[in-house]
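Chemist:
Number of protein chains: 2
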Amino acid sequence: MTETIKASPHQELLERFRAGQRVALARAISLVEDTRPGFERLLHELHADLGRAQRIGITGPPGAGKSTLTSKLAMMYREREERVGIVAVDPSSPFTGGALLGDRIRMNNISTDPGVFIRSMATRGALGGLATTSKEVADLLDAFGFARVILETVGVGQTELDIAGTADTSVVVLVPESGDSIQAMKAGLMEIADVFVINKADRPGADKLAQEIEVMLHMRLGDMPASAGHHGVSLKTVQKHAREGLRAHAHEEGGWAIPVIRTVAQSGEGLDELQRTLDRHQVYLNESGELSRRRQRRLAERVRAVVERRLQRLVWERGQGDEILQASLAALEAGADSPYTVAERIVGELGVPTR
Amino acid sequence: MTETIKASPHQELLERFRAGQRVALARAISLVEDTRPGFERLLHELHADLGRAQRIGITGPPGAGKSTLTSKLAMMYREREERVGIVAVDPSSPFTGGALLGDRIRMNNISTDPGVFIRSMATRGALGGLATTSKEVADLLDAFGFARVILETVGVGQTELDIAGTADTSVVVLVPESGDSIQAMKAGLMEIADVFVINKADRPGADKLAQEIEVMLHMRLGDMPASAGHHGVSLKTVQKHAREGLRAHAHEEGGWAIPVIRTVAQSGEGLDELQRTLDRHQVYLNESGELSRRRQRRLAERVRAVVERRLQRLVWERGQGDEILQASLAALEAGADSPYTVAERIVGELGVPTR
Numbered sequence: 001m002t003e004t005i006k007a008s009p010h011q012e013l014l015e016r017f018r019a020g021q022r023v024a025l026a027r028a029i030s031l032v033e034d035t036r037p038g039f040e041r042l043l044h045e046l047h048a049d050l051g052r053a054q055r056i057g058i059t060g061p062p063g064a065g066k067s068t069l070t071s072k073l074a075m076m077y078r079e080r081e082e083r084v085g086i087v088a089v090d091p092s093s094p095f096t097g098g099a100l101l102g103d104r105i106r107m108n109n110i111s112t113d114p115g116v117f118i119r120s121m122a123t124r125g126a127l128g129g130l131a132t133t134s135k136e137v138a139d140l141l142d143a144f145g146f147a148r149v150i151l152e153t154v155g156v157g158q159t160e161l162d163i164a165g166t167a168d169t170s171v172v173v174l175v176p177e178s179g180d181s182i183q184a185m186k187a188g189l190m191e192i193a194d195v196f197v198i199n200k201a202d203r204p205g206a207d208k209l210a211q212e213i214e215v216m217l218h219m220r221l222g223d224m225p226a227s228a229g230h231h232g233v234s235l236k237t238v239q240k241h242a243r244e245g246l247r248a249h250a251h252e253e254g255g256w257a258i259p260v261i262r263t264v265a266q267s268g269e270g271l272d273e274l275q276r277t278l279d280r281h282q283v284y285l286n287e288s289g290e291l292s293r294r295r296q297r298r299l300a301e302r303v304r305a306v307v308e309r310r311l312q313r314l315v316w317e318r319g320q321g322d323e324i325l326q327a328s329l330a331a332l333e334a335g336a337d338s339p340y341t342v343a344e345r346i347v348g349e350l351g352v353p354t355r
Numbered sequence: 001m002t003e004t005i006k007a008s009p010h011q012e013l014l015e016r017f018r019a020g021q022r023v024a025l026a027r028a029i030s031l032v033e034d035t036r037p038g039f040e041r042l043l044h045e046l047h048a049d050l051g052r053a054q055r056i057g058i059t060g061p062p063g064a065g066k067s068t069l070t071s072k073l074a075m076m077y078r079e080r081e082e083r084v085g086i087v088a089v090d091p092s093s094p095f096t097g098g099a100l101l102g103d104r105i106r107m108n109n110i111s112t113d114p115g116v117f118i119r120s121m122a123t124r125g126a127l128g129g130l131a132t133t134s135k136e137v138a139d140l141l142d143a144f145g146f147a148r149v150i151l152e153t154v155g156v157g158q159t160e161l162d163i164a165g166t167a168d169t170s171v172v173v174l175v176p177e178s179g180d181s182i183q184a185m186k187a188g189l190m191e192i193a194d195v196f197v198i199n200k201a202d203r204p205g206a207d208k209l210a211q212e213i214e215v216m217l218h219m220r221l222g223d224m225p226a227s228a229g230h231h232g233v234s235l236k237t238v239q240k241h242a243r244e245g246l247r248a249h250a251h252e253e254g255g256w257a258i259p260v261i262r263t264v265a266q267s268g269e270g271l272d273e274l275q276r277t278l279d280r281h282q283v284y285l286n287e288s289g290e291l292s293r294r295r296q297r298r299l300a301e302r303v304r305a306v307v308e309r310r311l312q313r314l315v316w317e318r319g320q321g322d323e324i325l326q327a328s329l330a331a332l333e334a335g336a337d338s339p340y341t342v343a344e345r346i347v348g349e350l351g352v353p354t355r
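In order, the protein sequences belong to chains W and C.
Under this note's numbering, the first residue of the first sequence carries the number 1, and numbering increases by one thereafter.
Under this note's numbering, the first residue of the second sequence carries the number 1, and numbering increases by one thereafter.
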């Protein structure tokens with residue numbers, strides 16, 4: 001079990017990484033993405049170097065302009081001579097070669113800048129889980145010394161929200177025409193947002209969307225279960241409650257009032273305000289102690305994910321899980337055996353002492 | 001380890017379930033959703049009863065009209081006196097109380113019909129994983145005797161695609177104005193679709209969307225990696241290749257030509273054709289042997305998921321994983337310890353013999 005930590009087959013890589021060689025960073029990322037031998041050792045070695053970057057999650061529905069925002073923000077940080085790492089976990093992102101139909105934004109400025117590193121992640125088939133791997137890649141960018149690490153993910157789906165939601169600062173991007181703002185909220189965006197951006201705010205509906213978000217922030221819709229059996233609440237009800245004094249609850253999370261910022265990423269409108277807000281949130285995180293709380297949560301989640309990955313490998317790569325499974329398929333299909341008894345045999349075969 | 005399978009604390013529930021009591025079905029679903037003691041035993045007992053239902057996955061972006069389609073289909077099956085179970089894993093679905101803004105469709109006809117059972121799933125916090133639990137709930141509906149079990153999920157995100165993609169028949173619903181059809185494809189929809197539906201086909205853009213889907217089907221875009229470092233291909237390139245004879249590859253998967261059906265779910269237009277297509281796919285699955293292959297894949301996946309869940313419980317509920325983790329948090333944050341060594345200690349504590 002311990003070989004990956006004990007031996008370090010990547011000492012040279014580590015040294016070149018620490019010397020700031022970009023090619024070593026790229027190799028380290030591939031190592032982690034492919035979960036090749038020694039990748040955990042490498043991450044272990046770099047763990048003490050983490051925590052200097054501000055991790056910014058940018059998420060929202062497809063077409064909200066997340067990639068344009070990300071590019072523009074990156075350029076603005078570059079003007080301040082800060083280095084920026086970008087992890088794109090969004091199959092529709094131009095960073096991942098997504099924008100097939102000519103929507104591709106002009107990223108030339110940043111993609112050739114040595115102070116910017118862009119890595120897009122495959123959205124399927126990541127060994128050991130996309131969420132964990134993306135965060136480990138963000139770790140590498142942090143350890144490499146980027147002052148800002150931006151995680152761009154499409155904001156629908158559990159995995160994707162998980163990635164964006166574990167950043168230091170999570171930005172949720174919506175557009176007036178999305179028309180499903182409240183549904184988006186219920187899908188979990190409300191709970192992760194530190195900052196709301198209404199992008200393409202020059203289009204009709206921006207005011208209405210801003211109002212909806214404000215109302216929901218006041219109502220803390222995030223506390224409403226999105227689960228079975230609960231009936232929907234109309235916007236009118238929400239507004240009524242808001243008027244009736246729930247405004248007192250406000251949308252302040254321990255001193256941080258979640259702002260709603262209007263931008264037009266294409267033209268740059270509102271981006272100064274967004275950047276100032278991100279800076280302000282970083283200060284808030286530090287001064288309030290919230291940064292430490294968030295990072296502890298993130299570390300605990302990481303431990304759980306790594307344990308899970310190790311157990312998986314134990315069963316499916318070292319154990320006889322696959323043999324047992326294959327030998328059981330016919331009986332499973334015939335209904336003579338069930339997935340539950342087969343799983344029991346596979347776990348039993350590990351020889352874990354039962355207490 | 002084996003207690004959950006050996007003892008059956010739910011014998012009476014099982015009997016009432018088999019007697020067709022709806023309240024027993026509801027109780028069984030809650031048991032499974034909450035992964036309460038004995039839930040695996042119950043699923044084990046019912047395993048031999050599975051496989052009679054056609055499982056239909058309905059997925060697509062928010063606002064595509066999935067719930068309306070689902071309701072209308074359910075009504076049509078009811079006209080044939082077939083019973084229908086619905087599992088909604090979509091926070092924006094009216095079934096989950098999602099449509100706050102008055103979009104709520106009229107489901108009164110089906111929600112009061114004893115031949116229809118609707119269960120919406122919480123999209124977060126499901127113990128043991130949303131994907132597995134949703135499929136286990138679908139199992140219960142199958143075992144209970146529903147002829148059609150419809151799984152409605154929002155078609156973005158790994159978990160959500162996984163749920164819809166493991167149905168017998170997967171329907172991908174798009175709308176003309178979504179405008180991001182190709183990105184949607186790259187996000188994995190192409191790979192899971194047995195049937196494409198262009199809903200709201202009376203709106204502008206339906207022809208263009210149909211053409212795009214056809215072209216991509218001919219190109220088998222599903223084979224193109226959506227991963228890092230691959231440059232996007234323009235629609236023109238795709239069309240050029242298609243013209244140059246790749247049409248020979250066609251979009252036939254072992255005899256099934258993936259149809260693109262136009263519907264207007266609100267008015268019912270095209271729904272007859274959709275239902276006929278679903279029937280035709282069921283026949284195809286049976287006659288081609290594809291049903292058996294799909295179900296074997298599904299069973300193998302289930303075994304893996306159940307093994308994973310059991311290992312999780314072993315570590316976090318029976319083992320001392322949590323104690324070790326909590327005791328390590330300060331060192332983790334200080335950088336004195338890393339998630340990888342802590343994970344190693346936790347797994348080591350299980351006492352799995354290393355080979």
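Each residue gets a CB set at the ideal place from its N, CA and C atoms; glycine is no exception.
(1) Using a 10 Å radius around the Cβ and a threshold of 16 neighbouring Cβ atoms, would you call P37 of chain C buried or exposed?
(2) Residues of chain C with CB closer than 8 Å to the CB of I346 of chain W, please, in chain order.
(3) Let me check one thing: in DSSP terms, what residues is V173 of chain C bridge-paired to?
(4) Starting from T59 of chain C, trace the beta strand (DSSP E) in both directions and tell me its first and last residue.
(5) Give me, in chain order, the residues of the same chain whose beta-carbon lies closer than 6 Å to that of V342 of chain C; leave out the 5 immediate sequence neighbours on both sides.
(6) Apply the 10 Å Cβ neighbour rule to E160 of chain C and answer buried if 16 or more other Cβ atoms are within range, or exposed otherwise.
(7) For S338 of chain W, which of helix, strand or coil comes out of DSSP?
(8) What does DSSP give as the partner residue(s) for G85 of chain C in the beta ladder?
(9) Whole angstroms are fine: how far does the CA of R297 of chain W sit from the CA of D272 of chain C?
(10) What are the residues that DSSP puts in a beta bridge with V264 of chain C?
(11) If you follow the alpha helix (DSSP H) that I258 of chain W is part of, which residue opens it and which one closes it?
(12) Give the interface partners of Q312 of chain C over in chain W, defined as CB-CB distance under 9 Å, in chain order.
(13) Does the stretch 59-79 of chain C come into contact with the stretch 259-268 of chain C, if we say contact requires no fewer than three beta-carbon pairs (one atom in each stretch) closer than 8 Å?
(14) Just to make sure I have the definition right: I need the residues of chain C whose C-beta is within less than 9 Å of the C-beta of P9 of chain W. Which are they?
(15) Check V154 of chain C in the structure and name its three-state DSSP category.
(16) List, in order along the chain, the chain C residues whose C-beta lies closer than 7 Å to that of H44 of chain W?
(17) According to the neighbour-count rule (16 or more other Cβ atoms, all chains shown, within 10 Å of its Cβ), is H10 of chain W buried or exposed?
(18) Against chain C, does L73 of chain W count as a neighbour if the rule is that its beta carbon must be under 8 Å from one of theirs?
(19) Measure the alpha-carbon distance for L140 of chain W versus T277 of chain C and round it to whole angstroms.
(20) For the alpha helix (DSSP H) holding E45 of chain W, just list the boundary residues, first then last.
(21) Do three or more CB pairs link the stretch 164-177 of chain W to the stretch 55-62 of chain W at distances below 8 Å?
(22) Kindly indicate which three-state DSSP category L367 of chain W falls into: helix, strand or coil?
(23) Return helix, strand or coil for Q312 of chain C, following the three-state DSSP convention.
(24) Taking DSSP as the reference, what is the three-state secondary structure of V283 of chain W?
(25) Strictly under 8 Å for the Cβ-Cβ distance: is G65 of chain C near chain W by that measure?
(26) Assign S292 of chain C to one of two classes, buried (16 or more other C-beta atoms within 10 Å of its C-beta) or exposed (fewer than that).
(27) Report the rounded CA-to-CA distance for R294 of chain W versus F144 of chain W, giving the unit in angstroms.
(28) Spell out whether any CB of chain C is found under 8 Å from the CB atom of V352 of chain W.
Modeler: Walking through what the data contain:
(1) exposed
(2) V303, V307
(3) C:V197
(4) 54-60
(5) S328
(6) buried
(7) coil
(8) C:F117, C:V149
(9) 51 Å
(10) C:E269
(11) Unbroken run through I258 of chain W: none, as it is neither H nor E.
(12) R304, V307, E308, L311
(13) yes
(14) Near P9 of chain W there are no residues of chain C at all, since even the closest Cβ is about 15 Å away, more than 9 Å.
(15) strand
(16) S338, Y340, T341
(17) buried
(18) no
(19) 49 Å
(20) 39-46
(21) yes
(22) Because chain W here runs from 1 to 355, residue 367 of chain W falls outside it and cannot be looked at.
(23) helix
(24) helix
(25) no
(26) exposed
(27) 21 Å
(28) yes
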